[in-house]
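Asker: The structure follows.
Residue numbers (the working numbering), protein chains in the order written: chain G, 94 to 445; chain L, 94 to 445; chain R, 94 to 445; chain S, 94 to 445.
Listed below in structure tokens is the structure:
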């Protein structure tokens, strides 16, 4: 019952329900002396916000407040408490779902585990929880930027459209964070088609980290890639994680897959920046498979709490895909993971 | 520098180097009163042992000793210390590799992290470390079998051969643990071809767990699938992990991907037994992408410790694929993960 | 930099500074289904509040809000976020202390550790932080009361007045929580004398827990008494902890100190309810030595941030003794420790 | 059931039973590059060994083996596995105690917790477990000595004899580790008297640490003193812990207890080297109250497993006091605690 923290030294705990009074994160272990303001965090929250026509019709004004851990504009080394009060809370929308299990959601598993559940919009299992992760990720980003580490993410597949080009500057230009402008247009078209069908789409998010020093990661169980896998798989909609060549490496020969070491790095990066669980100094490259949003507009068969079969049509305003809102969330989880390892003791690192 | 433990309540720590005097595991948190003998563990170690002609020419006689935690044939609730003394330790085989970095191995990253490295067969980063995981997994299996949980694993792809049939009883019959007898034959043929080329192969391992009660897993960060992802990704050769439909779900529609709830379960299992990070009572289904063994017989380009380019041909006896030896390792990691969650408090579980 | 959590399964994190916008606690791991309201918590906060003439002149209206983890009046198993907004925040009172180190306070050590410090009233090191502990302790109390465990605390010594009687019902009747009514009067008199001298007093707090089942505590390092010692010693003013006969046992003979086992318990309780780190079913009895408040009204010698000698007279309204306000804090720490161990798996416990 | 580890970054796990095949410790997180040999550890084990006529008649030849984590004479950053095989294992001595609970021991509480117990000499609850702590402490000492930190301990009280002189060099000269040569003689005399009576003695151990940089310790729960309290209280025979003036501070005035800050430290050390949970740069001074050994030669009343009253006379060779053997154990726990905090990130520390 206590799995709401991530990280050992840069430790993030999130709390809050979709339709409760507030959500928040507490960061225990952020180094002191880092300039931090609410604006720094707000910027990242904006990237996660819906309201762009493409994927959602909801509008959640997410204003973050820093309640502790910052004094005279810099972090003090004490816990940083961030809170985002919920505003647009219409739980009546969900009253109809009180006694029925939505397909693809955690309604029944939460009830089986806890005996009770907050049925308002999924409660704790809602994607809304990720707003707290993005807020914490923004703090990690401030710390990492001082260390010369930059993390960015984008959509490399949506439905059956896959990027051929990886122009990460272009990714910032379109609402889907897609690094291939042509693919971005095809994705938008597909979103509209699927919306018209009352259905939803999945996709693949890629996160890159540039500037990681060699030496991050703790063999054998807390390997950098093992922690990244946990970080991304802890996001509700993610069903698969791979690093570097990932699943493709399963059908490569050893001679193809090995990255040739050079004096200052490696001639290729099938490893995705990690060897033996330790960062190699090459770019970190991880991808997450995102399942389609389970709340579809079509009627679905399901059962009620007392086990009776029923039909359900989920009303209200829902996203067509977790993408693009999940992109900054994946980014945040990688930021948090790296911030944690940057504080682990290792000979090669800078003192702090 | 302290990432050698896994789990919170059923906590496994492994120690030992490939060519050191011994390897071992300590299990802290195994419930008391469980019958346990060295034979119980030996059985699982045998499944991991090389010596079957297919993939390796080495022979490692792995005899486990229980040094603590068992009294009069049952566990006492105190730490169970398992040790496997190394016998066939010819470190001279490796002396040539003292000053050169093997492609695809962790030689350079360990040296970058720690400043020193045990160059004998990879030291701590060697696949040999997994013998301790399998030993610990055998203890987890004893505990879980009392709870009615059964875990088994097999090879579902090797190189470009993929299983079409999933007959798990057949998997026990062939040395590749392949659930498709026809595919097993094609895999063996491919192994021979690749061996002749001096190259190596990757593949995909699938682990199934049957009999898990609903309620395992801790939202939000310690979701069952997040922990499983970390568990599998912590194995050196694994580059990707997926659960249920996994990466395939990224190009499904919501209406296709949703598993319809029924009175006693779900009509399908795209979720792979986990919803919202909590087990649903359906079979757990996870897959790991295994990269080809980096030690190939072909000559490879690389660099020395002082940065000079060189050519390297790795001699000695090496596996052609991490499969099938990695199969019991994947199984062990799932066993350990489940044993841990079975001890977490949740209303629906049996008292212990 | 990440020591702001306590407990493994019933895990409490506190955050907040003395003169920041708010303080709070997040409880991760509280079992679901426990009735909990803001009033339940407020009751315990009142016991900690100053305002009773004896020891302080300040008045802090501490109103707690539950921001998550409770739905329809019961806990849901998700993190319980508690917040107390600071109201009476006059940081100008402290501006004079910005560049000078108060004797007996953590001003210099915080600065040495973090490089920066929040100088307003001690910031994170202030006794004010304990309001969050008491709030979390109130939640633990609700859980434990369901399990039949009752925890209470009192003042057994103040300055050189020591209790001879231990009438715990009487302790609830006087503002010092003193179980000896006659001693209570002598303590009040001593407080007035010391106040007149511009000085401060220390004392000893005793916490008893009644109704603990045998089996709580995890040998060897997480013994029940080891965790209780950490719990109490983590309170700023506490300089010593003992259990049962404690320091007195150091000059007893074995034949005097041993508690004779009987069919249903023990004939005495020198052990204080713990044998080998595991609760015995007898009452838990722990005591904490509380140092005198370092902020005295007398002038004191000290140094400034740049190392110059100076004299300091601390103005403002300050307590004469950490007692009695620290009494509910000690109680809270024992409550939290016990709640944690009640969730650990052990054969004898009730299922939840 | 998983409390057998101590520390977060320099993490020590111990395992083993009094009369099992072996005991051991695994240290996860020792920095790489530290020279370490079996002799380094053996030296500390010798200090803990009985055989000196004063307190025990047993002789345990404790030979440690390093099974991993050291390569070419230096630590590699991987887990250091230490094992001590038991030799003098005569469990028949204990067969008579199979069904009877020894007063003052953990026989019944272990059985209540686990349902089973290893009745041979206390099994896991035996003082013998501490041999593994001393071995791990020796490794911590090697690391700390590189950082200029020195830890030493001695007996400051035994029965009713208390030291008046604290000459720590003298402490190394007598078998009781007593810093007052005159008191040492009185203690020896008292030991003989008590032995003649068939009884046992308690005492007080003091541990000093010299050379700690300011900044060790993590507020608020993982304060340096809170961790030290847990460290010492986790030793079976310890019933109280205090730091600096400790319990004496409870009856001091604030003006007496405050240590006046000076440019380079403090004019006194009532705080015992810790302010606000963070080391101040002054010597660390902690004391542990040690209860008399419960195994006395006199006949005692007790009960059997099935609740019948009985009389018990414990035969065999037993110590008269946990002192002096417990002195190196207390020392080891302080060493381990400091090694852990030296690895925590803080701005003022050296890079490693």
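Think of the CB as a built atom: it goes at the ideal place given N, C-alpha and C, for glycine as much as any other residue.
Roughly how many whole angstroms lie between the Cα atoms of residue 445/S and residue 305/G?
Answerer: The count along the fourth chain starts at 1 and reaches residue 445/S at position 352. The count along the first chain starts at 1 and reaches residue 305/G at position 212. Its pLDDT being 39, under 50, residue 445/S is placed unreliably in this model, and the value from its coordinates should be taken loosely. Going from the Cα of residue 445/S to the Cα of residue 305/G covers about 18 Å.
Asker: Report the three-state DSSP secondary structure of residue 160/G (helix, strand or coil).
Answerer: For this step, residue 160/G is matched to residue 67 along the first chain. Residue 160/G falls in the coil class under three-state DSSP.
Asker: Using a Cβ-Cβ cutoff of less than 6 Å, which residues in the same chain neighbour residue 359/R once the five nearest sequence positions on both sides are dropped?
Answerer: Locating residue 359/R in the third chain gives position 266, where the first residue counts as 1. Hits under 6 Å: 352 and 375.
Asker: Could you tell me the alpha carbon to alpha carbon distance between residue 274/G and residue 287/L, rounded to whole angstroms?
Answerer: Against the first chain, residue 274/G aligns to sequence position 181. Against the second chain, residue 287/L aligns to sequence position 194. When rounded, the distance between both Cα atoms is 40 Å.
Asker: Ignore the nearest five residues each way along the sequence and tell me which others in residue 191/L's own chain have a CB closer than 8 Å to its CB.
Answerer: Position 98 of the second chain holds residue 191/L. Closer than 8 Å at Cβ, skipping near neighbours: 212.
Asker: Smallest Cα separation from residue 296/S: which of 284/R, 279/R, 344/R and 257/R?
Answerer: Position 203 of the fourth chain, counting from 1, holds the residue named residue 296/S. Ranking the options by Cα distance to residue 296/S, first place goes to 344/R.
Asker: Taking the alpha carbon of residue 367/R as the reference point, which residue from 259/S, 130/S and 327/S has its own alpha carbon closest?
Answerer: The sequence position of residue 367/R within the third chain is 274, counting from 1. Minimum Cα distance to residue 367/R is reached at 327/S.
Asker: Mind checking if residue 115/R is an interface residue toward chain G, Cβ cutoff 8 Å exclusive?
Answerer: The count along the third chain starts at 1 and reaches residue 115/R at position 22. With 8 Å as the cut-off, residue 115/R counts as an interface residue toward chain G.
Asker: Taking residue 259/L and residue 272/L to be in contact with their CB atoms under 8 Å, please state how far apart those CB atoms are, rounded to whole angstroms.
Answerer: Locating residue 259/L in the second chain gives position 166, where the first residue counts as 1. Locating residue 272/L in the second chain gives position 179, where the first residue counts as 1. Right, their Cβ atoms sit about 5 Å apart.
Asker: Could you list the residues in the segment 272-292 of chain G with a C-beta less than 9 Å from some C-beta on chain C, going in chain order?
Answerer: Going by chain labels, chain C is absent from the structure shown, which instead holds the protein chains G, L, R and S.
Asker: Could you spell out the range, first to last residue, of the beta strand (DSSP E) harbouring residue 384/G?
Answerer: Residue mapping note: residue 384/G aligns to position 291 of the first chain, counting from 1. That residue, residue 384/G, is in no beta strand (DSSP E); it is neither H nor E in DSSP.
Asker: Would you mind telling me which residues of chain R sit closer than 7 Å to residue 383/S, beta carbon to beta carbon, in chain order?
Answerer: Locating residue 383/S in the fourth chain gives position 290, counting from the first residue. Those are 343, listed as they occur along chain R.
Asker: Using a Cβ-Cβ distance under 8 Å, would residue 156/G count as near chain L?
Answerer: Within the first chain, numbered from 1, the residue matching residue 156/G stands at position 63. With 8 Å as the cut-off, residue 156/G does not count as an interface residue toward chain L.
Asker: Can a CB atom of chain G be found closer than 8 Å to the CB of residue 201/R?
Answerer: Counting from 1 along the third chain, the entry for residue 201/R is found at position 108. By this cut-off, residue 201/R is not an interface position.
Asker: Going by DSSP, name the residue or residues bridged to residue 368/S.
Answerer: As a first step, residue 368/S is located in the fourth chain; it is residue number 275 there, counting from the start. Beta-bridge annotation (DSSP): residue 368/S is paired with 371/S.
Asker: Tell me whether residue 220/S is buried or exposed, calling it buried when 16 or more other Cβ atoms sit within 10 Å of its Cβ.
Answerer: Position 127 of the fourth chain, counted from the start, is the residue given in the question as residue 220/S. Classification for residue 220/S: buried.
Asker: Should the segment 98-111 of chain L be regarded as contacting the segment 426-440 of chain G, the criterion being three or more beta carbon pairs within less than 8 Å?
Answerer: Touching, no, given that fewer than three Cβ pairs across the two stretches are closer than 8 Å.
Asker: Helix, strand or coil, according to DSSP, for residue 128/S in the structure here?
Answerer: The residue given as residue 128/S occupies position 35 in the fourth chain. In the structure shown, residue 128/S sits in a strand (DSSP, three-state: E or B).
Asker: Quick one, which of 108/S, 390/S, 126/S and 204/S has its alpha-carbon nearest residue 122/L's?
Answerer: Working through the second chain from its first residue, we reach residue 122/L at position 29. Measuring from the Cα of residue 122/L, the nearest candidate turns out to be 108/S.
Asker: Assuming contact is defined by CB atoms lying nearer than 8 Å, are residue 362/L and residue 350/L in contact in what I supplied?
Answerer: By 1-based counting over the second chain, the position of residue 362/L is 269. By 1-based counting over the second chain, the position of residue 350/L is 257. For residue 362/L and residue 350/L, no; Cβs fall outside 8 Å.
Asker: Chain L partners of residue 435/G, CB-CB under 9 Å?
Answerer: Start at 1 with the first residue of the first chain, and residue 435/G comes out as number 342. Around residue 435/G, no beta-carbon contact reaches into chain L at under 9 Å, the shortest distance being about 13 Å.
Asker: Flag residue 128/G as yes if its beta-carbon sits less than 8 Å from any beta-carbon of chain S, otherwise no.
Answerer: For the purposes of this step, residue 128/G is taken as residue 35 along the first chain, with counting starting at 1. Answer no: the Cβ-Cβ gap between residue 128/G and chain S never drops below 8 Å.
Asker: Assign residue 357/G to buried or exposed, taking buried as 16 or more other Cβ atoms, counted over all protein chains shown, within 10 Å of its Cβ.
Answerer: Residue 357/G sits at position 264 when you count from the first residue of the first chain. By the 10 Å Cβ count, residue 357/G comes out exposed.
Asker: If the cut-off is 9 Å on Cβ atoms, which residues from the segment 344-368 of chain L count as contacting chain G, listed in chain order?
Answerer: Under the 9 Å Cβ criterion, the segment 344-368 of chain L contributes 344, 345, 346, 347, 348, 349, 350, 351, 352, 353, 354, 355, 356, 357, 359, 360, 363, 364, 365, 367 and 368.
Asker: Look at residue 379/G and residue 422/G and say whether their C-beta atoms are less than 8 Å apart.
Answerer: The residue given as residue 379/G occupies position 286 in the first chain. The residue given as residue 422/G occupies position 329 in the first chain. Not in contact: residue 379/G and residue 422/G (Cβ atoms no closer than 8 Å).
Asker: From this set, 214/S, 298/S and 227/S, which residue's C-alpha is nearest residue 252/S's C-alpha?
Answerer: Taking the fourth chain and counting its residues from 1, one reaches residue 252/S at position 159. Selection 214/S, 298/S and 227/S evaluated against residue 252/S yields 298/S as nearest (Cα-Cα).
Asker: If you check the beta carbons only, do residue 242/R and residue 431/R fall under 8 Å apart?
Answerer: The count along the third chain starts at 1 and reaches residue 242/R at position 149. The count along the third chain starts at 1 and reaches residue 431/R at position 338. Yes; because the gap between Cβ atoms is below 8 Å, this pair is in contact.
Asker: Is residue 269/L helix, strand or coil when you go by DSSP?
Answerer: Position 176 of the second chain, counted from the first residue, corresponds to residue 269/L. In this structure, residue 269/L counts as coil in the three-state DSSP scheme.
Asker: Can you name the residues of chain R whose CB is closer than 8 Å to the CB of residue 306/L?
Answerer: As a working note, residue 306/L is residue 213 in the second chain. Per Cβ cutoff of 8 Å: no residues; residue 306/L is ~13 Å from chain R at best.
Asker: Identify the contact partners of residue 217/G in chain R, using a Cβ-Cβ distance below 9 Å as the criterion.
Answerer: By one-based count along the first chain, residue 217/G stands at place 124. The contacting residues are 161, 162, 169, 170, 171 and 172.
Asker: Under 8 Å Cβ-Cβ, which residues of chain R neighbour residue 387/S?
Answerer: By one-based count along the fourth chain, residue 387/S stands at place 294. Those are 347, 350 and 351, listed as they occur along chain R.
Asker: Tell me the start and end of each unbroken beta strand (DSSP E) in the segment 204-269 of chain G that is at least 3 residues and wholly inside, in chain order.
Answerer: 243-251
Asker: Should residue 130/R be labelled buried (16 or more other beta-carbon atoms within 10 Å of its own) or exposed?
Answerer: Here the question's residue 130/R lines up with position 37 in the third chain. Flag for residue 130/R reads exposed.
Asker: What residue does the alpha helix (DSSP H) around residue 284/S start on, and which one ends it?
Answerer: For the purposes of this step, residue 284/S is taken as residue 191 along the fourth chain, with counting starting at 1. 274-289 is the span of the alpha helix (DSSP H), which, as asked, contains residue 284/S.
Asker: When you compare each of 136/S, 173/S and 156/S to residue 96/L by their alpha carbons, which one comes out closest?
Answerer: To locate residue 96/L, count along the second chain from 1; it is residue 3. Closest option to residue 96/L, judged by alpha-carbon separation, among 136/S, 173/S and 156/S: 173/S.
Asker: Residue 392/S lies in the alpha helix (DSSP H); which residues open and close that run?
Answerer: In the fourth chain, the residue the question calls residue 392/S occupies position 299. First-last for residue 392/S: undefined, no H or E at that position.
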